Every structure is written in structure tokens, then in C-alpha cells.
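The structure appears right after this line, and notes come after that.
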Amino acid sequence: MGFRINNNIAALTAQGNLNKTNSGLATSIERLSSGLKINRGADDAAGLTISEKLRGQIRGLNRAILNAQDGISLIQTAEGALNEDASILNRMRELAIQSQDDA
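Heads up: the sequence shown begins at 291 in the working numbering, then just goes up one per residue.
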């Protein structure tokens, strides 16, 4: 009596296709949940490199904006101090003229 091995090619093919579909579905769900097209280097290595470079530039530009705002605040503070000094000097001039007129 011979030993016979049966296999079901259709079932194996269906299982392989199901695994591919599940893998694609998992990738799609990951992208949807993160909101990113590239979640890891394996998704698109060149795209990830470009993305990280752009993110670095954005961080640098945001820092530059904050620095510019700090500079504007400093200048406004200095302007306020100079206006106060000018006001004091004008008052001193008025008092000096008034004291000369009284003498």
C-alpha cells in the first residue's frame, strides 16, 4: 500500500493572497491612523530623507520667527525707554527755560 500526499493548490494560493491583502491593509491602517505617508524608512527611504530634511528646515524657520519676534519686543522696549528719556529731557528744558525767565 502506497503513501499518498494530497495538497490543495487553490487553498494555498488563496492563503497567500489573503496574507498579502492583510499586510496591505495593516500598512494602510497605519498610514491612516498616523496621518503620514511615510511611517518608517522601509516605506520610502528617499522620501523619508527628504521629509526629515524639510522638517529640520521648518524647525529652523520657526526658531528664526521666534528670534525675530524677540528682537521686535526688545526694540519696542528700547523705544519706550527712549521716549521716556526724551520726555524727561523736554521737561528739564522747560524747567530750565522757566527758571531763566523767573530770574
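Beta carbons: idealized from backbone N, C-alpha and C, even for Gly. Note that the structure is a prediction, hence the values are computed from the model and not measured.
* Please report how far the alpha carbon of Ile362 lies from the alpha carbon of Asp391, in whole angstroms. => 43 Å
* **Start and end residues, alpha helix (DSSP H) containing Ala332** => Note, Ala332: premise wrong, no alpha helix (DSSP H); not H, not E.
* Asked: So, using beta-carbon positions, are Leu338 and Gly346 closer together than 8 Å?
  -> no
* Does the Cβ-Cβ distance between Asn309 and Glu320 come in under 8 Å? -> no
* From the DSSP output, in three-state form, read off Gly361 for me. => helix
* Span of the alpha helix (DSSP H) around Asn309 -> 299-324
* To do: Compute the Euclidean distance between the alpha carbons of Ser389 and Gln366, then round it to the nearest angstrom.
  => 35 Å
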